[in-house]
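Mind the numbering: the sequence shown is residues 1 to 134 in UniProt numbering, read in order. All C-beta atoms, glycine included, are put in the ideal place defined by N, C-alpha and C. These notes concern the structure reproduced below.
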Amino acid sequence: MPVKDLIQRKVVTIEPEDTVMLAAQRMRDKMVGSLVVLDGDKPAGIITDRDIAIRVVGAGKDPTTQVREVMTKDPITIRDDASFFDLTKAFRDAAVRRLIVVDKEGKLVGLISIDDVLELLTTEFANLITAIRG
Numbered sequence: 001m002p003v004k005d006l007i008q009r010k011v012v013t014i015e016p017e018d019t020v021m022l023a024a025q026r027m028r029d030k031m032v033g034s035l036v037v038l039d040g041d042k043p044a045g046i047i048t049d050r051d052i053a054i055r056v057v058g059a060g061k062d063p064t065t066q067v068r069e070v071m072t073k074d075p076i077t078i079r080d081d082a083s084f085f086d087l088t089k090a091f092r093d094a095a096v097r098r099l100i101v102v103d104k105e106g107k108l109v110g111l112i113s114i115d116d117v118l119e120l121l122t123t124e125f126a127n128l129i130t131a132i133r134g
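Below, the structure is given as structure tokens:
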């Protein structure tokens, strides 16, 4: 199963020059914990609620700080045609909770979280248990 069949396609994004305050408000309004930072149609970074808590609030920075100053630059990405095995390996190797999914040109396609993978695996395990008990 390729990654493109598993991803969230409605990704909430922000621009590097936007403020951290806008990022926090967007996370609140869209009920998400991260935003992909776009440079054109390609991911330039990612900012999470944890980044805001630690790199902004914890560091005593102003909420008008630009996203580019506190985002994680050069985010870990995975191609949309990667296999499920490659996906789980990427999560393990990078030790991250979210991966940005890109196409072969590096353009944003979606986002996948480790929670999404765990939900899928839980469903698959339930199916196997039903088959065994069958």
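(request) Could you please give the first and the last residue of the uninterrupted alpha helix (DSSP H) stretch that includes Asp93? (result) As a first step, residue 93 must be located in the sequence shown, where it is residue number 93. Where Asp93 is concerned, the enclosing alpha helix (DSSP H) stretches over 84 to 94.
(request) Please determine, among Ser34, Leu120, Leu111, Asp81, the residue with the shortest C-alpha to C-alpha distance to Pro2. (result) As a position in the sequence shown, residue 2 is number 2, starting the count at 1. If we check each option's Cα against that of Pro2, Asp81 comes out closest.
(message) Can you check which of these residues, Leu38, Val67, Ala59, is closest to Gln25 by C-alpha distance?
(response) Translated into positions along the sequence shown, residue 25 becomes position 25. Here the closest residue by C-alpha is Val67.
(request) In angstroms with no decimal places, state the Cα-to-Cα distance between Ala59 and Gly134. (result) The count along the sequence shown starts at 1 and reaches residue 59 at position 59. The count along the sequence shown starts at 1 and reaches residue 134 at position 134. For Ala59 and Gly134, the distance between alpha carbons rounds to 56 Å.
(request) Taking residue 139 as part of the beta strand (DSSP E), name the residues at either end of that continuous run. (result) The structure shown does not extend to residue 139, since the chain is modelled only from 1 through 134, so no value can be given for it.
(request) Assign Thr64 to one of three DSSP states: helix, strand, or coil. (result) For the purposes of this step, residue 64 is identified with residue 64 of the sequence shown, where counting begins at 1. If DSSP states are grouped into helix, strand and coil, Thr64 belongs with coil.
(request) Starting from the C-beta of Leu108, find all residues in its chain whose C-beta is less than 8 Å away, skip the five residues before and the five after it, and write them out in chain order. (result) What you label residue 108 is simply residue 108 of the sequence shown in a count that begins at 1. Shown here for Leu108: same chain residues with a beta carbon closer than 8 Å to its own, the five before and five after excluded, namely Val11, Thr13, Val36, Leu38, Asp41, Lys42, Pro43, Ile100, Val101, Val102 in chain order.
(message) By DSSP's criteria, Pro2 is part of a beta bridge. Which residues make up the other side?
(response) By 1-based counting over the sequence shown, the position of residue 2 is 2. Ser83, per the DSSP bridge assignment.
(request) Compare the beta carbon distance of Pro63 and Val20 with 7 Å and say whether it is the shorter of the two. (result) By 1-based counting over the sequence shown, the position of residue 63 is 63. By 1-based counting over the sequence shown, the position of residue 20 is 20. Yes, the Cβ-Cβ distance between Pro63 and Val20 is below 7 Å.
(message) Alpha carbons only, please: which of Met27, Ala131, Leu87, Asp93 is nearest the one belonging to residue 135?
(response) This structure cannot speak to residue 135, because the chain is shown only from 1 to 134.
(message) For Thr13, list the residues DSSP reports as bridge partners.
(response) Mapped onto the sequence shown, residue 13 falls at position 13. BP columns for Thr13 point to Val36.
(message) Looking at Ile7: is its Cβ nearer than 7 Å to the Cβ of Ile112?
(response) Here residue 7 refers to the residue found at position 7 of the sequence shown. Here residue 112 refers to the residue found at position 112 of the sequence shown. Taking 7 Å as the Cβ cut-off, Ile7 and Ile112 qualify as a contacting pair.
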